[in-house]
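Data block below; observations after.
In this note's numbering, the protein residues as written are 686 to 962.
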């Protein structure tokens with residue numbers, strides 16, 4: 686707890702009330718005020734109720750991250766609760782559950798909104814972790830396109846030629862959106878550093894969540910699960926393992942880590958680079 690008014694707690698913001706968001710909230714929330722956000726009111730209410738029953742101080746804010754005004758309001762709400770110590774952005778959609786247009790609006794533009802809005806309320810010691818995906822490491826935009834994905838205003842991202850070229854290909858949209866997350870984090874590190882704050886991304890592999898279950902049951906599911914065997918991992922990851930990685934990046938042991946991406950994928954990306962024929 687930071688020094689200040691008696692009873693005032695540091696604030697942890699978690700976007701996304703799914704498996705990873707819930708695990709992160711439980712890992713980081715003890716002794717702090719949790720501000721949770723999700724586009725689904727019913728899903729958000731269920732998690733808020735569960736966490737309150739476990740003794741957490743928690744507030745839910747229905748938020749569509751693709752709407753900049755909603756994300757700005759979320760940031761103001763969080764700052765009104767106390768010092769924002771950590772922001773963990775897990776909200777996102779996948780090709781099994783969303784169209785290419787929705788994937789780009791939520792995963793790409795939504796992440797840009799979160800980075801920009803929470804920079805305004807970040808202070809010394811604040812950490813933002815954006816949950817991206819190992820899929821972002823598959824992308825291969827040109828150097829020029831990467832520069833635009835990193836620095837174009839959030840409102841202009843969907844109009845970029847490399848984004849428009851995705852068309853209706855949901856998987857391609859997902860891969861590009863996750864690469865954009867990496868690039869936005871890198872580009873934002875300077876501004877966050879100047880506030881004494883840090884920003885990083887995490888790229889999970891296949892994690893046991895409702896979203897990954899939907900992916901496993903999709904047309905690409907067999908390939909995805911076979912990769913887990915081929916790379917030697919032999920299993921999916923768990924939300925708790927992502928929460929542990931987030932806790933490290935958000936904590937004092939990572940005080941000199943910013944502007945980078947941490948792969949938490951059981952070695953899948955390494956296998957793809959070095960061993961896949």
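Just so you know, even glycine gets a beta-carbon here, dropped at the ideal spot from N, CA and C.
A direct Cα-to-Cα measurement between residue 791 and residue 917 gives close to 32 angstroms. Annotation: the continuous alpha helix (DSSP H) that includes residue 856 extends over 855-879. Pairing residue 775 with residue 697 gives a Cβ-Cβ distance that is not under 9 angstroms.
Residue 795 places its beta carbon less than 9 angstroms from that of residue 749.
Here residue 805 is exposed, its C-beta having fewer than 16 other C-beta atoms within 10 Å.
Taking the C-beta atoms as reference points, residue 822 is found no nearer than 9 angstroms to residue 754. A distance below 9 angstroms separates the beta carbons of residue 772 and residue 799.
Cβ-Cβ distances below 6 angstroms link residue 919 to nothing in the same chain once the five nearest sequence neighbours on each side are left out. Of all C-beta pairs linking the region 925-936 to the region 808-818, three or more are shorter than 8 angstroms, placing the two stretches in contact. Under the DSSP assignment, residue 929 falls outside any beta strand (DSSP E), being part of the alpha helix (DSSP H) whose first and last residues are 924-935.
Comparing alpha-carbon positions, the option among 724, 793 and 720 lying closest to residue 767 turns out to be 720. DSSP places residue 745 within a strand segment (E or B) once states are collapsed to three. The beta-carbon separation of residue 880 and residue 807, rounded to 5 angstroms, stays under the 8 angstroms limit for a contact.
DSSP places residue 883 in the strand class (E or B) of the three-state scheme. Residue environment analysis places residue 941 among the exposed positions, since fewer than 16 neighbouring C-beta atoms fall within 10 angstroms of its C-beta. At a cut-off of 3 residues, the continuous stretches assigned as beta strand (DSSP E) that sit fully inside the region 785-820 are 812-816. Rounded to the nearest whole angstrom, the C-alpha separation of residue 843 and residue 759 is 23 angstroms. When the alpha-carbon of residue 912 is set against those of 957, 780, 828 and 704, the nearest one is in 957.
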